[in-house]
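In the numbering used here, the protein residues as written are 24 to 285.
We put the CB at the ideal spot given by N, CA and C, even for glycine.
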Amino acid sequence: MPAVPSATPGYALLGLGDEPRPLEFVNILLRRRRLVVGLSVAAALVTAVVSLFVPPTYTATTTFVPEAGPGGRFPAGLAGLAGQFGVALGSDASQSPQFYADLVQSRELMQQVLLARYQAPGVPAGAADSATLLQILSAGGTNSADSLYQGVKQLAKLVSTDVDRKTNVVRLRVDAHDPVLAALVANRFIAYLNEYNAKTRQSQARERRKFAEERLAEAERDLRGAEEELKAFYQRNRSWQQAPQLMFEEGRLRRQVDIRQE
């Protein structure tokens with residue numbers, strides 16, 4: 024007697040050429056509702072466990088427009104100050120926003136931000152700053168130098184910048200598991216950038232004053248030299264008005280004196 028093919032009761036068998044119909048899917052889901060419910064509950068439990076162990080991340084965003092130096096170029100002495108932060112500075116004003124974006128990402132500025140004190144998460148609002156960002160991040164490390172190195176690496180992952188080339192607007196973003204801490208760190212970056220600008224303007228004023236003083240001293244030396252040369256000419260040539268060549272030489276020396284007096 025030939026074998027009769029059989030199917031599991033309650034389940035429809037679909038051939039390779041058959042197109043599944045919505046009702047068939049619904050029928051399968053209904054008959055396997057325990058499995059569907061179990062998977063849903065398991066997914067909810069996994070999500071709950073993950074949310075307990077992985078706190079949410081908050082992002083503080085701030086924008087600013089860097090100030091370029093006079094004439095669309097960086098102020099004098101800015102390159103020297105920038106070198107202290109490990110950032111190479113170009114003279115083109117179009118590089119100004121990118122320069123400040125790079126300055127935010129520099130190791131020296133990040134170290135200052137890490138060593139500054141902040142209101143630690145969980146501390147009541149208005150309380151005094153209680154810990155450095157390095158302590159809050161728990162960067163680890165075998166010693167203080169290594170801890171600071173690890174902290175810079177960790178902070179670099181939490182800080183990002185981008186530059187709008189059309190408007191020269193720099194956008195700074197700081198991520199943290201606490202919204203207040205994210206805002207405090209972002210504001211600290213801006214405060215250090217403002218401090219940097221103030222030092223730049225002071226350095227520019229000092230260099231301008233130094234340049235003016237040096238130019239004035241040089242002009243006085245040139246004037247005295249021209250006057251002494253004219254004086255020596257008169258002493259050597261008391262009858263210079265009677266010789267055309269000496270008259271020409273006297274005129275040349277006097278013009279030098281006049282030019283240096285201007």
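When Cβ pairs closer than 8 Å are counted between the two stretches, the stretch 205-220 is seen not to touch the stretch 239-250, the count staying below three. Across the structure, Ser161 and Thr155 are spaced so that their CA atoms are roughly 10 Å apart. If you ignore the 5 residues before and after Ala139, its C-beta comes within less than 6 Å of the C-beta of Arg211, all in its own chain and listed in chain order. Here Asn260 is near Leu269, since their CB atoms are less than 8 Å apart.
Straight across, the Cα-Cα distance linking Phe256 with Asp281 is about 16 Å. The three-state secondary structure of Val280, taken from DSSP, is helix. By alpha-carbon distance to Ser183, the top candidate from Leu157, Arg196, Gln279, Leu126 is Arg196. For Asp245, the enclosing alpha helix (DSSP H) has its first and last residue at 202-259. Counting the other CB atoms within 10 Å of its CB gives Asp125 a total of 16 or more, which places it among the buried residues. With contacts defined by Cβ atoms closer than 8 Å, Tyr123 and Pro144 do not form a contacting pair. Between Val203 and Gln142 the beta-carbon gap is near 7 Å, inside 8 Å, which marks them as a contact. Counting along the chain, Ala199 sits inside the beta strand (DSSP E) bounded by residues 192-199.
Asp185 and Glu241 have their C-alpha atoms roughly 47 Å apart. Inclusion of Asn191 and Ser119 in the CB contact set at 8 Å is warranted, their separation being smaller than that value.
Secondary structure of Val182 (DSSP, three-state): strand. The beta carbons of Ala179 and Met133 sit closer together than 8 Å.
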